[in-house]
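What follows is one structure encoded as structure tokens, with my remarks underneath.
Number of protein chains: 2
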Amino acid sequence: MPRPKKVSQTQLAKQLGISQALVSLALNGRSTGINPDTYKRIWDHAVGVGYLPKGMRVDSTPDSARVKQIGFILRAPLRLYIPSTYFGHVQHGLHHALEARGYRAVFLGAEDELSPEKLGQIFHPSHHVGGVAVLGEVAQPFMAELTRLTRRVVAISARYHGLCHSVLGNEPQALIEVVRHLHALGHRRIGWLGGNATLGRHDARLAALRQALKTHDLSLDPRYLTVVAEADRAEGGEAIHALLPHAKRRDFPTAFVTYNTQMAYGASLALQREGWKVPGDISLASADVSRLSVEGALRITGAGTSPDKLGEAAARLVLGESMPDEGYADLVLPAPLVIGNSTGPVRK
Amino acid sequence: MPRPKKVSQTQLAKQLGISQALVSLALNGRSTGINPDTYKRIWDHAVGVGYLPKGMRVDSTPDSARVKQIGFILRAPLRLYIPSTYFGHVQHGLHHALEARGYRAVFLGAEDELSPEKLGQIFHPSHHVGGVAVLGEVAQPFMAELTRLTRRVVAISARYHGLCHSVLGNEPQALIEVVRHLHALGHRRIGWLGGNATLGRHDARLAALRQALKTHDLSLDPRYLTVVAEADRAEGGEAIHALLPHAKRRDFPTAFVTYNTQMAYGASLALQREGWKVPGDISLASADVSRLSVEGALRITGAGTSPDKLGEAAARLVLGESMPDEGYADLVLPAPLVIGNSTGPVRK
DNA sequence: CTTGGTTTTTAATAATTATTAAACTAAGTC
DNA sequence: GACTTAGTTTAATAATTATTAAAAACCAAG
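Below you can see the structure in the form of structure tokens.
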């Protein structure tokens, strides 16, 4: 709902075809002697056109006086019920960092559930949402609309140049680290188990892998590159299963890089079930990190930014900490290598 | 922050020992030419004495314009980053039902993250948390503490007799429906693929299965009963794999009931990979329902309560709708059979 | 059509808030 | 002491909002 400029009760009255006296009475809660339908019509219209009285600009309050809610929005087509350990960790980091500062994270909806009208309602100043974190990459028009309604917007794992702040992991670095690690272990034939086939993130990770291989004068063989629709453990198993029929070939890879730790874990289980040893026969390394990198008997080697840290950094940004006085900050967090036990030297 | 009566900018100015002009400028965000300390002092004082401008009484808005918060808590050891499509759906239902009523769901933390001190802070009256939904079964002392702090507590998928409201699915009915369905298809040898081994819910579902089989004069053979640690697709595959070595036996089951749809789905993929046909060779049915029951090429037959509906019902309860004037309500929602294509007649 | 009750408007004006140029004040520098 | 600068006040007035009694309009029922 656009709010081009201040609108007065006199203008509201003209727009509604009623008297300013009635507008004032309704907006101040007078109910006796006012038709309830008229009352509601007045309120809906006033909120709809963004009416606020003179006297106070709510968005000018010093931070300490603000009601402490920060909204978060999921990119389409995510839903609360679609498992995503990645964004679950982001939310976890966001929740705790906000909580430590006396704020609460409030789910506003998913990108494709939020019409401009709905966004306008959410960000009406009387609702006191102090800022928004957007989890994942949303459509540019959506982001433009959002930043028009509130200036406190932080994009997580996406960047919108000149529109808002952003926090990302250094994903190219992750692939560089993983490839360097595998190369140092002697691996010269490396395959790819990709997931979340429709996402730009998949393509970006694949491109970064190709680039990182190139710096070692290596390349991906299309026969040993597969991409599945989602990216959970079961799909990691499916992905390696699709390639195992070719395992007798002399050029079969000695290591695979996977889209995420979940897929590496699933692939590892599937390989072991088929009699392969990980990392003795095949090494598996992942383009991100998670609990699976550090917990349990099988710990996936990988590189990436802790998504908890993304959430924490986003919380700090949305609250205005370490923010430039003007313009927008793009934070790129490091993506260090985490060595587990899923990678080992090339088998002789 | 009490608001005994209207205070005007002129009065603010007198109280602060400054001019009304400066008050107006500061409250409207004018920063150039105003000392930042003065600016903040004005705002703090204005908010402190409850100043609001004329023109609109926010607390008189029809319901549609008010923001209200309902907290939700996850049972231990869940975290936001531990995938649970079940509780994700519950949250989804809760979020939408609350949103439709002008409320927002706010994550308060997981059971084992919330000390009594922390709970006390959360439920301080100034924080406007209007009630709590508890997702899953928490420790009795925790629930007792929670209900001491606020009376608006709803337990989801758990019951605390005499302590709070609750909403559950009729899980015994689900198993009755599933067994009846399989029996009608001719199945007389039925196995169990259990998950979430450490949860009371698993044990309850298993017990309900045994009971439902008993009414058909059937029983579970321990050789065809397996339980895995978690309950995702990959683990469904593992569970059936563990039993397949016995498939040549004459008494191998013709159907398996699984802990949830995820496991049934994963088991189905694993069976197909081994050359079995589902449901031609083995039928799979699940003790709950989800999107996997109704979407896609493979649709899992199962019975259960839609977790979205649990969330919606909880929202209504926590807001006081259809609630008894005193005492506590325990809602048990029906668990209907949803027939997919994972079950079929016994193979001759 | 008349009547009674409810809702809304009118007109006026009081109260509140916004805005602005000029004047004032305090602090720092030379 | 003179000068400069930043912050604030003053005085005036325009704009916005609140309030109220009386009048007008509307609607349903008889």
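In the order they appear, the protein sequences are chains A and B.
In terms of the numbering used here, the first sequence has 258 at position 275, counting the first letter as 1, and numbering is strictly consecutive.
In terms of the numbering used here, the second sequence has 191 at position 208, counting the first letter as 1, and numbering is strictly consecutive.
Note that CB positions come from ideal geometry on N, CA and C, so glycine has one too.
Consult DSSP for B/R87 and reduce its assignment to one of helix, strand or coil.
-> For the purposes of this step, residue 87 of chain B is taken as residue 104 along the second sequence, with counting starting at 1. Residue state, collapsed to three classes: strand.
If you count every other CB in all the chains shown that lies within 10 Å of the CB of A/P328, and 16 or more means buried, which is it?
-> Start at 1 with the first residue of the first sequence, and residue 328 of chain A comes out as number 345. It counts as exposed.
According to a CB-to-CB cut-off of less than 7 angstroms, which residues of the stretch 85 to 105 of chain B neighbour chain A?
-> Answer set for the stretch 85 to 105 of chain B: R87, A88, V89 and F90.
Using the beta-carbon count (16 or more within 10 Å), is B/A212 buried or exposed?
-> Translated into positions along the second sequence, residue 212 of chain B becomes position 229. By the 10 Å Cβ count, B/A212 comes out exposed.
Under the rule that 16 or more other beta-carbon atoms within 10 Å means buried, what is B/G323, buried or exposed?
-> In the second sequence, the residue the question calls residue 323 of chain B occupies position 340. Flag for B/G323 reads buried.
Pull up the distance between the alpha-carbon of A/L91 and that of A/I56, whole angstroms please.
-> If you number the first sequence from 1, residue 91 of chain A lands on position 108. If you number the first sequence from 1, residue 56 of chain A lands on position 73. Each residue's alpha carbon lies about 6 angstroms from the other.
How would you list, in chain order, the residues of chain B whose beta-carbon sits under 9 angstroms from the beta-carbon of A/T68?
-> The residue labelled residue 68 of chain A in the question sits at position 85 within the first sequence. In chain order: Y64, I65 and P66.
Classification of B/N18 by the beta-carbon crowding that lies within 10 angstroms, buried from 16 upward | Taking the second sequence and counting its residues from 1, one reaches residue 18 of chain B at position 35. That one is exposed.
Could you work out which residue in A/R163, A/S140 and A/D215 is closest to A/A187 when comparing CA atoms only?
-> The residue given as residue 187 of chain A occupies position 204 in the first sequence. Closest by alpha carbon: A/S140.
Unbroken beta strand (DSSP E) run spanning B/W335, endpoints = With chain B covering -16 to 331 only, the question about residue 335 of chain B has no answer from this structure.
Exposed or buried, what is B/R330 when buried is set at 16 or more other beta-carbons lying within 10 Å of its beta-carbon?
-> Walking along the second sequence from the start, residue 330 of chain B turns up at place 347. Label assigned to B/R330: exposed.
Please say whether B/A217 and A/G249 have beta carbons closer to each other than 8 angstroms?
-> Taking the first residue of the first sequence as position 1, residue 249 of chain A is located at position 266. Taking the first residue of the second sequence as position 1, residue 217 of chain B is located at position 234. Yes; because the gap between Cβ atoms is below 8 angstroms, this pair is in contact.
Since A/H164 meets chain B, which of its residues come closer than 9 angstroms, beta carbon to beta carbon?
-> The residue labelled residue 164 of chain A in the question sits at position 181 within the first sequence. None at all; the shortest Cβ gap to chain B is about 25 angstroms.
Take A/L275 as the anchor and find which of B/L302, B/V162, B/Y64 and B/E278 has the nearest alpha-carbon.
-> Locating residue 275 of chain A in the first sequence gives position 292, where the first residue counts as 1. Comparing alpha carbon positions, the residue from B/L302, B/V162, B/Y64 and B/E278 closest to A/L275 is B/Y64.
Are A/V89 and B/R256 closer than 8 angstroms when you measure CB to CB?
-> As a position in the first sequence, residue 89 of chain A is number 106, starting the count at 1. As a position in the second sequence, residue 256 of chain B is number 273, starting the count at 1. Cβ atoms of A/V89 and B/R256: not closer than 8 angstroms.
Can you tell which of B/Q245, B/G0 and B/L146 has the C-alpha that lies nearest to the C-alpha of B/R24?
-> The sequence position of residue 24 of chain B within the second sequence is 41, counting from 1. Of the candidates B/Q245, B/G0 and B/L146, the residue whose Cα lies closest to the Cα of B/R24 is B/G0.
In terms of residue numbering, what span does the alpha helix (DSSP H) encompassing A/Q138 cover?
-> Working through the first sequence from its first residue, we reach residue 138 of chain A at position 155. Here the sequence assigns Ala to residue 138 of chain A, which means Gln is not the residue at that position. Element bounds for A/A138: not the alpha helix (DSSP H) but the beta strand (DSSP E), V136 to I139.
Nonlocal neighbours in the same chain, by C-beta distance under 8 angstroms from A/I7, ignoring five residues either side | Position 24 of the first sequence holds residue 7 of chain A. It should be pointed out that residue 7 of chain A corresponds to Ser in this sequence rather than to Ile. Closer than 8 angstroms at Cβ, skipping near neighbours: Q(-8).
For the putative contact between B/T244 and B/S273, defined by C-beta atoms under 8 angstroms, what is the C-beta separation to the nearest angstrom?
-> Position 261 of the second sequence, counted from the first residue, corresponds to residue 244 of chain B. Position 290 of the second sequence, counted from the first residue, corresponds to residue 273 of chain B. That belief holds up - the Cβ atoms of B/T244 and B/S273 are roughly 4 angstroms apart, short of 8 angstroms.
Other residues of its chain near B/S289: CB distance less than 7 angstroms, five sequence neighbours each side excluded = Here residue 289 of chain B refers to the residue found at position 306 of the second sequence. Only V272 meet the Cβ criterion.
Nearest-angstrom Cβ-Cβ length linking B/A268 and B/H185, presumed shorter than 8 angstroms = In the second sequence, residue 268 of chain B corresponds to position 285, counting from 1. In the second sequence, residue 185 of chain B corresponds to position 202, counting from 1. Between B/H185 and B/A268 the Cβ distance is about 16 angstroms, and since that is not below 8 angstroms, they are no contact.
Is the Cβ-Cβ distance between A/V137 and A/L293 less than 8 angstroms?
-> By one-based count along the first sequence, residue 137 of chain A stands at place 154. By one-based count along the first sequence, residue 293 of chain A stands at place 310. Here A/V137 is not near A/L293, since their CB atoms are 8 angstroms or more apart.
Please report the residue range of the alpha helix (DSSP H) in which B/F55 lies.
-> Sequence index remark: in the second sequence, residue 55 of chain B carries index 72 (1-based). Premise fails: B/F55 lies in the beta strand (DSSP E), K51 to L57, not in any alpha helix (DSSP H).
Taking 8 angstroms as the CB-CB cut-off, is B/H229 touching chain A?
-> Residue mapping note: residue 229 of chain B aligns to position 246 of the second sequence, counting from 1. Closer than 8 angstroms: no.
Could you name the residues of the stretch 197 to 230 of chain B whose beta carbon sits closer than 9 angstroms to any beta carbon of chain A, in the order they occur along the chain?
-> D215, R216, A217, E218, G219, G220, E221 and H224
With a cut-off of 8 angstroms on the beta carbons, I'd call A/R142 and A/D313 a contact; round off their distance for me.
-> Along the first sequence, read from residue 1 onward, the residue named residue 142 of chain A stands at position 159. Along the first sequence, read from residue 1 onward, the residue named residue 313 of chain A stands at position 330. The Cβ separation is near 6 angstroms, so the contact holds.
Three-state secondary structure (DSSP) at B/V(-10)?
-> Within the second sequence, numbered from 1, the residue matching residue -10 of chain B stands at position 7. Looking at B/V(-10) - three-state DSSP - the assignment turns out to be coil, as it is neither helix nor strand.
Taking buried to mean at least 16 other C-beta atoms within 10 Å of its own C-beta, is A/S98 buried or exposed?
-> Here residue 98 of chain A corresponds to residue number 115 of the first sequence, with the count starting at 1. It counts as exposed.
Report yes if the CB atom of A/R58 is closer than 8 angstroms to the CB atom of B/N11, and no otherwise.
-> Start at 1 with the first residue of the first sequence, and residue 58 of chain A comes out as number 75. Start at 1 with the first residue of the second sequence, and residue 11 of chain B comes out as number 28. Going by C-beta atoms, A/R58 is not nearer than 8 angstroms to B/N11.
Mind checking whether the beta-carbon of A/T181 lies closer than 7 angstroms to any heavy atom of the ligand HEM?
-> As for the ligand HEM, it is missing from this structure, which has no ligand bound.
For A/H148, name the three-state secondary structure that DSSP assigns.
-> On the first sequence, residue 148 of chain A is found 165 positions in, with the first residue counted as 1. Strand, per DSSP.
Proximal chain A residues relative to B/K(-3), where beta-carbon distance stays under 8 angstroms | By 1-based counting over the second sequence, the position of residue -3 of chain B is 14. Simply none; closest approach about 16 angstroms.
Mapping DSSP to helix, strand and coil, what is A/T21?
-> Numbered from its first residue, the first sequence carries residue 21 of chain A at position 38. Note: A/T21 maps to helix in three-state DSSP.
List the residues of chain B whose Cβ lies closer than 8 angstroms to the Cβ of A/L252, in chain order.
-> Numbered from its first residue, the first sequence carries residue 252 of chain A at position 269. Within 8 angstroms Cβ-Cβ: A217 and E221.
Inter-residue CB distance, A/S325 and A/P262 (contact presumed, cutoff 8 angstroms) = Residue mapping note: residue 325 of chain A aligns to position 342 of the first sequence, counting from 1. Residue mapping note: residue 262 of chain A aligns to position 279 of the first sequence, counting from 1. A/S325 to A/P262, Cβ: 6 angstroms. Contact.
Taking Cβ to Cβ, would you say A/T133 is nearer than 8 angstroms to A/L146?
-> Looking up residue 133 of chain A in the first sequence gives position 150. Looking up residue 146 of chain A in the first sequence gives position 163. No. Outside cutoff.
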